[in-house]
Amino acid sequence: MADSTMSRSRPSRDTETRMTCSFMSHTQQHNQELDSIMMGLENDTMSTALVPLGVRQASNRHSEAGPSNAGRLCVVEHTVHKMGKAPDGADELVVSTLKPFGLVVGLFGGDDLLIEDHDPMQLEAQLLFEDGTAVPLLEGATALTGGYAMLSGGRATFKIRLNVLSSQRECKRFRIRVEASSLPRGVTPAAKGVVTQPMRTLTKLFRGPRSSPPAAAAQQAQDAAGAPLDDGADASADGLPQTVEALRALVRAHSEELDSLRKDRDLMWREVERLKRLKPDETGAADEHAAKRPRHTAHALEDAQEGRANTLSVGAISVAAISLGGPAAEAELKRQRTPLTEI
Numbered sequence: 001m002a003d004s005t006m007s008r009s010r011p012s013r014d015t016e017t018r019m020t021c022s023f024m025s026h027t028q029q030h031n032q033e034l035d036s037i038m039m040g041l042e043n044d045t046m047s048t049a050l051v052p053l054g055v056r057q058a059s060n061r062h063s064e065a066g067p068s069n070a071g072r073l074c075v076v077e078h079t080v081h082k083m084g085k086a087p088d089g090a091d092e093l094v095v096s097t098l099k100p101f102g103l104v105v106g107l108f109g110g111d112d113l114l115i116e117d118h119d120p121m122q123l124e125a126q127l128l129f130e131d132g133t134a135v136p137l138l139e140g141a142t143a144l145t146g147g148y149a150m151l152s153g154g155r156a157t158f159k160i161r162l163n164v165l166s167s168q169r170e171c172k173r174f175r176i177r178v179e180a181s182s183l184p185r186g187v188t189p190a191a192k193g194v195v196t197q198p199m200r201t202l203t204k205l206f207r208g209p210r211s212s213p214p215a216a217a218a219q220q221a222q223d224a225a226g227a228p229l230d231d232g233a234d235a236s237a238d239g240l241p242q243t244v245e246a247l248r249a250l251v252r253a254h255s256e257e258l259d260s261l262r263k264d265r266d267l268m269w270r271e272v273e274r275l276k277r278l279k280p281d282e283t284g285a286a287d288e289h290a291a292k293r294p295r296h297t298a299h300a301l302e303d304a305q306e307g308r309a310n311t312l313s314v315g316a317i318s319v320a321a322i323s324l325g326g327p328a329a330e331a332e333l334k335r336q337r338t339p340l341t342e343i
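Number 269 in the UniProt record's numbering belongs to position 269 of the sequence shown; there are no gaps in the numbering.
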């Protein structure tokens, strides 16, 4: 894959080792939390232990257990897109909803050794909130894709893409529960399930240009606060709106203003074209037209003559001058246009 953080064959194995060690260093503090979460779930036989670093090193060996021995599923590798900071300062796993990430689980026995001799088993990944409750979805919507994998030779590899944003779920974090898929009633699963550490989901991962360290620092501060990408103040330090709603309101206001200007322009062009079609001796028709002239044009002309207008354009002066007296009147109006502001 193009993204080095998403590929199993990364340029540097040291980077993957550091990422894995970072995950494993938090295993002890999460075990008690995971145990309390899973007690409230329907499957009370599920194990919530993650693979300690020593267990993963020992997983290169293989257990002599036969296929009838029940084991437990453990997270062998959990690849994420980014490591962030939670509001309490702790490390936080961050994934994008636009890219898949890898999740590898293994089947281990009571001696913490990988069990390779077992019957093939289909595993299913389900999305939960951090507290273990189910994630409600709209009809026809799916919480994740790539949620099925076959456990064979002691390992199963998922390629999961989440479809739910933390910003749309009260900034909550998510876990993934992996267990055997639907079994006939009365059949005991051959392995206990496992739950991952919590993750926060974003739409796009920030990758600012190298020449803009302030922008990167601002994004890091926003990530540390746990805010979604489109959250923040209504305006930035330079006065520009930051939220989506503020930008939409600004676009609507500009659109209305442009529509008004287009209507004025079309009215002026129609006025000019009609006046061009009049003959010089048709003074009666010109007088009648002057009587029916739009009020805003007449008022603008009066303001220009009295020196009070400040938003009259050159086009409006020309239309008013042609309708009242031709080039001479136009020249007089332009002479009186000293206090006007060109638009």
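Yeah, the Cβ is synthetic: ideal placement off N, Cα and C, and Gly gets one too.
For this session: Tell me where the alpha helix (DSSP H) around Glu256 begins and ends.
Result: On the sequence shown, residue 256 is found 256 positions in, with the first residue counted as 1. Start and end: Val244 to Lys276.
Problem set entry | Span separating the alpha-carbon of Leu267 from that of Ser260 | Within the sequence shown, numbered from 1, the residue matching residue 267 stands at position 267. Within the sequence shown, numbered from 1, the residue matching residue 260 stands at position 260. Taking the straight line from one Cα to the other gives about 11 Å.
Problem set entry | DSSP bridge partner residues for Ile160 (one or two, in chain order) | Looking up residue 160 in the sequence shown gives position 160. For Ile160, which the question treats as bridged, DSSP gives the partners Phe101.
Exercise. Considering only the beta carbon of each residue, do Glu179 and Lys159 sit closer than 9 Å?
Worked result: Start at 1 with the first residue of the sequence shown, and residue 179 comes out as number 179. Start at 1 with the first residue of the sequence shown, and residue 159 comes out as number 159. The answer is no: Cβ separation not under 9 Å.
For this session: Measure how close the beta-carbons of Gln122 and Ser167 come, nearest whole angstrom, since I'm counting them as under 8 Å.
Result: On the sequence shown, position 122 is the one that residue 122 refers to. On the sequence shown, position 167 is the one that residue 167 refers to. With a Cβ gap of about 33 Å, Gln122 and Ser167 do not count as contacting.
Problem set entry | Member of Val135, Met83, Val105 and Arg270 whose CA lies at the smallest distance from the CA of Gly71 | For this step, residue 71 is matched to residue 71 along the sequence shown. Considering only alpha carbons, the answer is Val105.
For this session: Using three-state DSSP, classify Gln126 as helix, strand or coil.
Result: Within the sequence shown, the letter at position 126 stands for residue 126. It is a strand residue.
Exercise. Hey, Arg200 and Arg173 are a contact pair by Cβ (cut 8 Å); roughly how many whole angstroms apart?
Worked result: As a first step, residue 200 must be located in the sequence shown, where it is residue number 200. As a first step, residue 173 must be located in the sequence shown, where it is residue number 173. Confirmed, about 5 Å.
Exercise. Alpha carbon to alpha carbon, what distance is there between Val244 and Leu103?
Worked result: Position 103 of the sequence shown holds residue 103. Position 244 of the sequence shown holds residue 244. For Leu103 and Val244, the distance between alpha carbons rounds to 34 Å.
Exercise. Can you tell me the Cα-Cα spacing of Lys263 and Leu127, whole angstroms?
Worked result: As a working mapping, residue 263 is identified with position 263 in the sequence shown. As a working mapping, residue 127 is identified with position 127 in the sequence shown. Cα-Cα distance, rounded: 54 Å.
Problem set entry | Local Cβ density within 10 Å of Leu137, reported as buried at 16 or more and exposed below that | On the sequence shown, residue 137 is found 137 positions in, with the first residue counted as 1. Leu137 should be labelled exposed.
For this session: Apply the 10 Å Cβ neighbour rule to His78 and answer buried if 16 or more other Cβ atoms are within range, or exposed otherwise.
Result: Within the sequence shown, residue 78 is the residue found at index 78, counting from 1. By the 10 Å Cβ count, His78 comes out buried.
Problem set entry | Sequence-distant residues of the same chain with beta carbon closer than 7 Å to Leu151, five excluded per side | Along the sequence shown, one-based indexing puts residue 151 at 151. Around Leu151: Leu107, Pro120, Met121 and Leu123.
Exercise. Cβ of Pro198 within 9 Å of Cβ of Thr145?
Worked result: Along the sequence shown, read from residue 1 onward, the residue named residue 198 stands at position 198. Along the sequence shown, read from residue 1 onward, the residue named residue 145 stands at position 145. Cβ distance not < 9 Å, so Pro198 and Thr145 don't count as in contact.
Exercise. So what's Ser152 in DSSP terms, helix, strand or just coil?
Worked result: In the sequence shown, the residue the question calls residue 152 occupies position 152. Ser152 falls in the strand class under three-state DSSP.
Exercise. Relative to the C-alpha of Leu73, which residue among Ala156, Ala141, Ala246 and Trp269 is closest?
Worked result: Start at 1 with the first residue of the sequence shown, and residue 73 comes out as number 73. Comparing Cα positions, the closest option is Ala156.
Problem set entry | Collapsed DSSP secondary structure at Ser96 in the structure displayed | Working through the sequence shown from its first residue, we reach residue 96 at position 96. Reduced to three states, the DSSP call for Ser96 is strand.
Exercise. In terms of residue numbering, what span does the beta strand (DSSP E) encompassing Lys82 cover?
Worked result: As a first step, residue 82 must be located in the sequence shown, where it is residue number 82. Unbroken beta strand (DSSP E) run through Lys82: Lys82 to Lys85.
Exercise. When the Cα of Asp112 is compared with those of Ala141, Val75, His254 and Val164, which residue comes out closest?
Worked result: Position 112 of the sequence shown, counted from the first residue, corresponds to residue 112. Checked all of Ala141, Val75, His254 and Val164; the closest Cα to Asp112 is Val75.
Exercise. Bridge partners of Ile176, per DSSP?
Worked result: Looking up residue 176 in the sequence shown gives position 176. Its beta-bridge partners are Leu127.
Exercise. Under 9 Å, do Asn163 and Ala143 count as touching if we go by C-beta distance?
Worked result: Position 163 of the sequence shown, counted from the first residue, corresponds to residue 163. Position 143 of the sequence shown, counted from the first residue, corresponds to residue 143. In contact: Asn163 and Ala143 (Cβ atoms closer than 9 Å).
For this session: On a CA-only basis, which of His81, Thr97 and Val195 is nearest Glu130? Give me that one, please.
Result: The sequence position of residue 130 within the sequence shown is 130, counting from 1. Checking every option, the nearest Cα to that of Glu130 belongs to Val195.
Exercise. Going by beta carbon distance, what residues of the same chain come within less than 8 Å of Trp269, once the five residues before and after it are set aside?
Worked result: For the purposes of this step, residue 269 is taken as the residue at position 269 of the sequence shown. So the list is empty, once near-sequence residues are dropped.
Exercise. Is it the case that the Cβ atoms of Arg169 and Gly132 are separated by a distance below 9 Å?
Worked result: Along the sequence shown, one-based indexing puts residue 169 at 169. Along the sequence shown, one-based indexing puts residue 132 at 132. It is not a contact, given that the beta carbons lie outside the stated cut-off.
Exercise. Arg161: which of Gly140, Val80 and Asp117 sits nearest, CA to CA?
Worked result: Within the sequence shown, residue 161 is the residue found at index 161, counting from 1. Minimum Cα distance to Arg161 is reached at Val80.
Exercise. For Ala141, which residues from the same chain have a beta carbon less than 8 Å from its beta carbon, with the 5 sequence-adjacent residues on both sides left out?
Worked result: Translated into the one-based positions of the sequence shown, residue 141 becomes position 141. Within the same chain, Ala141 has close Cβ partners Asn163.
Exercise. Rounded to a whole number of angstroms, what is the C-alpha to C-alpha distance between Glu271 and Glu257?
Worked result: In the sequence shown, residue 271 corresponds to position 271, counting from 1. In the sequence shown, residue 257 corresponds to position 257, counting from 1. Answer to the nearest angstrom: the Cα atoms are 21 Å apart.
Exercise. Between the C-alpha atoms of Thr97 and Gly153, what's the straight-line distance to the nearest angstrom?
Worked result: Counting from one through the sequence shown, the residue named residue 97 turns up at place 97. Counting from one through the sequence shown, the residue named residue 153 turns up at place 153. Between Thr97 and Gly153, the C-alpha separation is close to 30 Å.
Exercise. When the Cα of Leu165 is compared with those of Glu139, Ala149, Thr203 and Tyr148, which residue comes out closest?
Worked result: As a first step, residue 165 must be located in the sequence shown, where it is residue number 165. If we check each option's Cα against that of Leu165, Thr203 comes out closest.
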